[in-house]
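Each residue of the sequence shown is one higher than the one before, counting from 196 in the working numbering.
All C-beta atoms in this analysis are idealised placements derived from N, C-alpha and C, irrespective of residue type, glycine included.
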Amino acid sequence: MIITRTPFRISFFGGGTDIPGFYEEHEGAVLSTTIDKYMYIILKPRYDDRIVLNYSEKEIVDRVDDIRHNIYREALKFTGVTKGVEITSIGDIPSKGSGLGSSSSFTVGLLNALYVHKGEAKGPRELAEDACSIEIGIMREPIGKQDQYAAAFGGLRRYRFRKSGAVEVEPIEAGRGALSALQRSCLLFYTNITRRSSEVLSDQSSRIRETRSSLESLRDYALAMGEAFAEGDCRAIGERLHENWLLKKGLSSKVSSPHIDSLYETGLAAGAFGGKLLGAGGGGFLLFVCPPERQAGLREALGGLKELPFAFSRNGSHVILNFEEGVYQL
196 MIITRTPFRI
206 SFFGGGTDIP
216 GFYEEHEGAV
226 LSTTIDKYMY
236 IILKPRYDDR
246 IVLNYSEKEI
256 VDRVDDIRHN
266 IYREALKFTG
276 VTKGVEITSI
286 GDIPSKGSGL
296 GSSSSFTVGL
306 LNALYVHKGE
316 AKGPRELAED
326 ACSIEIGIMR
336 EPIGKQDQYA
346 AAFGGLRRYR
356 FRKSGAVEVE
366 PIEAGRGALS
376 ALQRSCLLFY
386 TNITRRSSEV
396 LSDQSSRIRE
406 TRSSLESLRD
416 YALAMGEAFA
426 EGDCRAIGER
436 LHENWLLKKG
446 LSSKVSSPHI
456 DSLYETGLAA
466 GAFGGKLLGA
476 GGGGFLLFVC
486 PPERQAGLRE
496 ALGGLKELPF
506 AFSRNGSHVI
516 LNFEEGVYQL
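Spelled out as structure tokens, the structure:
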């Protein structure tokens, strides 16, 4: 049996500039961190040649091509694992429409488990690129590259997306005190709204030419804000997040809604420095940066929303159990 654990992520700045239609002409950048909410993939060899998949549904098939779940099917084909496995996926939060990059965490974690099963353990860059090949290249999802890289590498990092398609990974050097201050100031609330990110991103991609200036500003925030994170300057981060959110709403009419706008304004009125809706937009989780002394008021003002307690995490996708052929590790 093999178990992989792959983190979800919070994207602070630069979302939308990791889409090929933008970075292939103007280059992009995203600043994000992973959190202690995970996708777990459990892989167990079978005594027969069948493929059994357990997620929100159950599939039992004899051929990879008969698998209904797109990512399972393409990842198995991509890695050449075509028979004799049972795979179960378990997420800490709902996997659809969260804005926390859960789909790519699933892809990266699944690839990690499949490669270890084959005896071909891969590094984070290979996992990220292979996940991009499946989601963007094979499945033709209109998404960017940030989620796959965040899931594979983990931690607080900046990702630069070059015109060539290359991705540069830069850790943000922040002391324990700075990270603790930022973590104490960040709160997540679930909007109770789910959406398909591909719908939002498809509309956004079709408008890149007219929204180029806004996307360039979003990219520049990701490039400029590293020092504020290193110093734990929560006010500066929150205020820039507010500006980031106003720009992001202009990328597509599907990013926000009157209801989401109302929730966000309620958070600001209750004392938050700023915040944003995570992911492509349209639903999922709202992030606020709020000083600790104002958080009780913020929670009361947003009393109808469920809060998700979390902590920053340092690790990307990794194997937490490998018990195949007598090999055991934690």
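Item, Value
"First and last residue of the uninterrupted beta strand (DSSP E) at Gly469", "Gly469 to Leu472"
"Pairwise C-alpha distance: Gly332 and Ala465", "44 Å"
"Continuous alpha helix (DSSP H) stretch holding Leu500: start and end", "No alpha helix (DSSP H) holds Leu500; DSSP gives it neither H nor E."
"C-alpha distance - Leu377 paired with Gln490, whole-angstrom precision", "13 Å"
"Which residues DSSP lists as bridging Gly223, in chain order", "Phe356"
"DSSP beta-bridge partners of Met234", "Thr201 and Gly286"
"Inter-residue Cα distance where the pair is Gly286 and Asn265", "17 Å"
"Ala361 beta carbon less than 8 Å from that of Gln343", "no"
"Beta-carbon spacing of Thr199, Ala308 below 8 Å", "yes"
"Any non-hydrogen atom of the ligand NAP within 7 Å of Phe301 CB", "For the structure depicted, the ligand NAP is absent and the ligand set is empty, with no information on it obtainable."
"Between the CA atoms of Ala347 and Val310 - distance to the nearest angstrom", "Here the sequence assigns Tyr to residue 310, which means Val is not the residue at that position. Tyr310 and Ala347: Cα-Cα distance of roughly 14 Å."
"Short Cβ contact (8 Å threshold) for Ile455 with Thr389", "no"
"Residues bridged to Leu382 [DSSP beta-bridge criterion]", "Phe483"
"CA-to-CA distance, Leu410 to Pro337, given in whole angstroms", "16 Å"
"Proximity below 8 Å, CB of Ile237 to CB of Val247", "no"
"Coarse secondary structure for Pro215, derived from DSSP in three states", "helix"
"CB-CB length for Gly470 against Gly462, believed under 8 Å", "6 Å"
"Ordered list of beta strand (DSSP E) runs contained in the stretch 246 to 317, each at least 3 residues", "246 to 249, 253 to 256 and 280 to 286"
"Validate contact between the stretch 214 to 228 and the stretch 484 to 503 using beta carbons, cut 8 Å, 3 pairs", "no"
"Spatially closest choice to Phe480 from Gly314, Pro487, Glu460 and Leu503, by CA coordinates", "Leu503"
"Local Cβ density within 10 Å of Ala506, reported as buried at 16 or more and exposed below that", "exposed"
"Straight-line gap, Ala326 to Ser300 (C-alpha atoms, nearest Å)", "9 Å"
"Residue from Ile230, Ala316 and Pro319 with nearest C-alpha to Arg381", "The question names Arg, yet the displayed sequence has Cys at residue 381. Looking at the Cα atoms, Ile230 is the closest of the given residues."
"Range of the contiguous beta strand (DSSP E) that encloses Leu516", "His513 to Asn517"
"Status (buried if at least 16 other CB within 10 Å, exposed otherwise) for Pro319", "buried"
"Residue closest to Val484, alpha-carbon to alpha-carbon, out of Ala467, Met420, Phe356 and Gly476", "Ala467"
"Three-state class that DSSP yields for Val362 in the structure shown", "strand"
"Sub-8 Å separation of Arg379 and Val364 beta-carbons", "no"
"Length of the line joining the Cα atoms of Tyr457 and Arg258", "Note on residue identity: the sequence assigns Ser, not Tyr, to residue 457. Rounded to whole angstroms, Ser457 to Arg258 spans 49 Å at the Cα level."
"Other residues of its chain near Ser397: CB distance less than 8 Å, five sequence neighbours each side excluded", "Pro337"
"Beta strand (DSSP E) runs contained entirely in the stretch 375 to 448, provided each spans 3 or more residues", "381 to 385"
"Local conformation of Ser452 per DSSP, three classes", "coil"
"From Thr228, Lys239, Thr212 and Arg204, residue whose alpha carbon lies closest to that of Phe518", "Lys239"
"Close beta carbons around Lys317, own chain, < 6 Å, minus the five adjacent residues each side", "Tyr310"
"Alpha-carbon spacing of Phe356 relative to Ile214, whole angstroms", "9 Å"
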